[in-house]
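*Asks:*
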Amino acid sequence: MKLFDVYPMLDVTIERGQGERVFDKAGRDYLDLYGGHAVISIGHTHPHYVARLERQLHQIGFYSNAVHNELQIGLAHHLGRLGEVDQYHLFLSNSGAEANENAIKMAAYHTGRSKFIAFRKSFHGRTSGTLGLTDSPRLQTAFSASIPVLWHDLNDMSGIEEALSRGDVAAVIIEGIQGVGGIHVATDDFLRDLAACCKQYHTPLILDEIQSGAGRTGKFFSFQSSGIEPDIITSAKGLGNGFPVGATLIHPSFEARHGLLGTTFGGNHLACAAALAVLEVIEAEDLMTLADRNGRYIMDILRTIPGVLEVRGKGLMIGIQLDQSAAPIRKQLFERYRMLTGNASDPNVVRLLPPLNVRRESLDDFAAALKNILES
Ligand SMILES: Cc1ncc(COP(=O)(O)O)c(C=O)c1O
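Numbered continuously in my numbering, the sequence shown closes out at residue 379.
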């Protein structure tokens with residue numbers, strides 16, 4: 004059987020990883036500035052992560068949600084503290100799309116409505132529901148496209164109050180920072196206005212922190228800088244550092260109903276151990292402060308490079324807007340400098356999502372490589 008062809012791939016087979024580096028079959032190392040779609044938060048094979056998972060595997064790897072699991076309770080406490088969301092209720096799943104799917108289901112159940120507000124350039128996942136809220140006509144199916152969505156521009160309140168005042172919107176869904184769309188930051192003022200408007204019209208606000216969460220922006224969730232209290236928050240990617248973990252954080256004002264949310268694998272013992280290890284490392288190594296500092300540092304340098312039109316982002320979630328197509332530049336970064344970077348739906352954007360403990364010297368090396376390529 005052949006593999007289903009899903010993505011254009013870099014021509015490399017990765018066999019091993021350590022910290023900010025991955026190694027191919029021939030033992031050549033690559034600087035990982037992408038973390039496999041923003042997943043590697045604490046670095047590859049971090050010793051604490053490996054030891055905690057190994058210990059857990061010897062103890063018990065899995066039992067379902069039919070029994071109590073103290074690791075889930077520990078994870079809820081830790082997440083609540085780091086994200087300043089202790090009052091929320093946690094539902095664990097296995098991916099970002101699932102976390103969002105559960106969020107939109109909760110909102111539709113709670114309000115009895117089915118229409119959504121989403122933002123242009125958004126990405127919320129590839130399941131039918133989340134795809135319907137993703138601004139990518141190329142990926143839509145007849146099914147996902149049948150979800151009624153009102154599309155608005157990021158950081159622009161015009162038309163939103165009018166739409167909410169009709170009382171038929173189940174939820175507004177927004178990424179703290181749009182990732183796949185090319186790194187577009189929702190401003191704190193916009194988030195505050197949006198949250199206030201949602202509150203006024205009793206419409207849940209869903210904050211998708213799947214790419215922008217887990218400490219990447221210098222706060223645990225990027226929206227924390229705005230001081231808002233979303234109704235539902237979703238997290239995944241960096242939360243498990245490679246182990247699939249999805250999380251839907253639900254405000255206590257939502258009433259629980261048995262059977263409404265459920266999962267076989269979500270919140271299993273190994274997944275919880277992985278997420279706990281990530282949170283422990285983020286805290287012990289002060290990775291949020293590091294991400295904030297090193298993000299500011301490298302963004303300032305990147306802004307001085309001729310050919311770079313704009314650098315957007317927060318912490319280590321960075322979009323570099325070039326004056327040309329990013330694909331050949333990324334190819335040279337890969338082939339000449341052995342650096343892995345990300346693309347975006349905007350073809351002129353290079354996306355950087357390195358581990359939060361990436362070394363400053365490595366960021367300098369990247370800036371020098373990009374400058375060389377753009378000058379040649
Ligand atoms: C903001 C955001 N939401 C949701 C998803 C979907 O996550 P997953 O691929 O884990 O289903 C992604 C994935 O890129 C994302 O960036």
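Each residue gets a CB set at the ideal place from its N, CA and C atoms; glycine is no exception.
Could you give the distance in angstroms between the alpha-carbon of residue 209 and the alpha-carbon of residue 117?
*Replies:* Looking at the two C-alpha atoms, the distance is approximately 14 Å.
*Asks:* Is DSSP giving residue 337 helix, strand or coil here?
*Replies:* In the structure shown, residue 337 sits in a helix (DSSP, three-state: H, G or I).
*Asks:* Using the Cα positions of residue 82 and residue 378, report the straight-line distance between them to the nearest angstrom.
*Replies:* Those two C-alpha atoms are separated by around 44 Å.
*Asks:* Relative to the C-alpha of residue 120, which residue among 56, 207, 142, 41 is closest?
*Replies:* That would be 207, whose Cα lies nearest to the Cα of residue 120.
*Asks:* Thinking C-beta only, is residue 348 closer than 8 Å to residue 183?
*Replies:* In contact: residue 183 and residue 348 (Cβ atoms closer than 8 Å).
*Asks:* Is residue 157 closer than 8 Å to residue 123 when the C-beta atoms are compared?
*Replies:* Yes; because the gap between Cβ atoms is below 8 Å, this pair is in contact.
*Asks:* Using the beta-carbon of each residue, find all residues closer than 6 Å to any heavy atom of ligand 1 and list them in chain order.
*Replies:* This criterion selects 40, 98, 99, 100, 103, 126, 127, 128, 178, 182, 183, 211, 213, 214, 239.
*Asks:* If I follow the unbroken alpha helix (DSSP H) through residue 59, where does it start and stop?
*Replies:* Segment 50–62, the alpha helix (DSSP H) holding residue 59.
*Asks:* Between which residues of its own chain and residue 266 is the CB-CB distance below 6 Å, once the five residues before and five after are set aside?
*Replies:* Answer for residue 266: 96, listed in chain order.
*Asks:* Residue 186 by DSSP, collapsed to three states: which one?
*Replies:* In this structure, residue 186 counts as coil in the three-state DSSP scheme.
*Asks:* Within a Cβ cutoff of 6 Å, which residues of the same chain sit near residue 220, ignoring the five residues on either side of it in sequence?
*Replies:* Cβ neighbours of residue 220 beyond the five flanking positions: 317, 318, 320.
*Asks:* Give the DSSP bridge partners of residue 374, in chain order.
*Replies:* The partner list for residue 374 (beta bridge, DSSP) is empty, contrary to what the question assumes.
*Asks:* Look at the alpha carbon of residue 261 and the alpha carbon of residue 108, and state the distance between them as a whole number of angstroms.
*Replies:* Cα-Cα distance, rounded: 14 Å.
*Asks:* Which ranges does the alpha helix (DSSP H) cover as unbroken runs of at least 4 residues, wholly within the segment 255–291, from first to last along the chain?
*Replies:* Those alpha helix (DSSP H) runs which fall completely within the segment 255–291 and span 4+ residues are 272–287.
*Asks:* Locate the alpha helix (DSSP H) running through residue 101, then write down its first and last residues.
*Replies:* First-last of the alpha helix (DSSP H) with residue 101: 99–114.
*Asks:* Please determine, among 293, 142, 52, 218, the residue with the shortest C-alpha to C-alpha distance to residue 10.
*Replies:* Answer by Cα proximity: 142.
*Asks:* What does a CB cutoff of less than 8 Å around residue 332 pick up in its chain, not counting 5 residues either side in sequence?
*Replies:* Correct list, in chain order: 325, 353, 373, 376, 377.
*Asks:* Name the DSSP bridge partner or partners of residue 216?
*Replies:* DSSP, once it has assigned bridges, lists no residue as partnering residue 216.
*Asks:* My parser needs the beta strand (DSSP E) runs of 3 or more residues fully inside the segment 294–333; what are they?
*Replies:* You should have 311–317, 320–325.
*Asks:* So does the segment 280–292 actually touch the segment 144–161, counting three or more Cβ pairs closer than 8 Å?
*Replies:* The segment 280–292, when compared against the segment 144–161, does not touch it at the 8 Å Cβ threshold.
*Asks:* List the whole-angstrom C-beta distance separating residue 93 from residue 106, where the pair is believed to meet the contact cut-off of C-beta under 8 Å.
*Replies:* In fact, because the Cβ distance is near 12 Å, the residues do not count as touching under 8 Å.
*Asks:* If you measure between the beta carbons of residue 280 and residue 248, is that distance less than 8 Å?
*Replies:* Cβ atoms of residue 280 and residue 248: not closer than 8 Å.
*Asks:* Closest to residue 269 by CA distance: which of 110, 287, 246, 295 is it?
*Replies:* That would be 246, whose Cα lies nearest to the Cα of residue 269.
*Asks:* What would DSSP say about residue 150, mapped onto helix, strand or coil?
*Replies:* Note: residue 150 maps to coil in three-state DSSP.
*Asks:* Using the three-state DSSP reduction, which class does residue 364 fall into: helix, strand or coil?
*Replies:* Helix.
*Asks:* Cβ atoms of residue 276 and residue 90: under 8 Å apart, would you say?
*Replies:* Contact flag unset, no.
*Asks:* Among the residues of its own chain, which have a CB less than 8 Å from the CB of residue 42, if the five just before and after it don't count?
*Replies:* Excluding residues within five positions, the ones whose Cβ falls inside 8 Å are 240, 241, 243, 244, 245.
*Asks:* Go to residue 92, then tell me how far its beta strand (DSSP E) extends in each direction, as first and last residue.
*Replies:* 92–96 is the span of the beta strand (DSSP E), which, as asked, contains residue 92.
*Asks:* Give me, in chain order, the residues of the same chain whose beta-carbon lies closer than 8 Å to that of residue 3; leave out the 5 immediate sequence neighbours on both sides.
*Replies:* Past the edges of the chain, shown from 4 to 379, lies residue 3, and the structure says nothing about it.
*Asks:* For residue 302, is the classification buried or exposed, using 16 other Cβ atoms within 10 angstroms of its Cβ as the cut-off for buried?
*Replies:* Buried is the call here.
*Asks:* When the Cα of residue 160 is compared with those of 227, 200, 284, 174, which residue comes out closest?
*Replies:* Residue 200 is the option with its Cα nearest to residue 160.
*Asks:* When you compare each of 359, 305, 351, 312 to residue 369 by their alpha carbons, which one comes out closest?
*Replies:* Closest by alpha carbon: 305.
*Asks:* Spell out a yes or no on whether the segment 16–30 and the segment 352–366 are touching, meaning 3 or more CB-CB pairs, one atom from each, closer than 8 Å.
*Replies:* The segment 16–30 is in contact with the segment 352–366.
*Asks:* Starting from residue 121, trace the beta strand (DSSP E) in both directions and tell me its first and last residue.
*Replies:* Here the beta strand (DSSP E) through residue 121 covers 118–122.
*Asks:* Quick one: grab the DSSP three-state call for residue 136.
*Replies:* Three-state DSSP puts residue 136 in coil, outside helix and strand.
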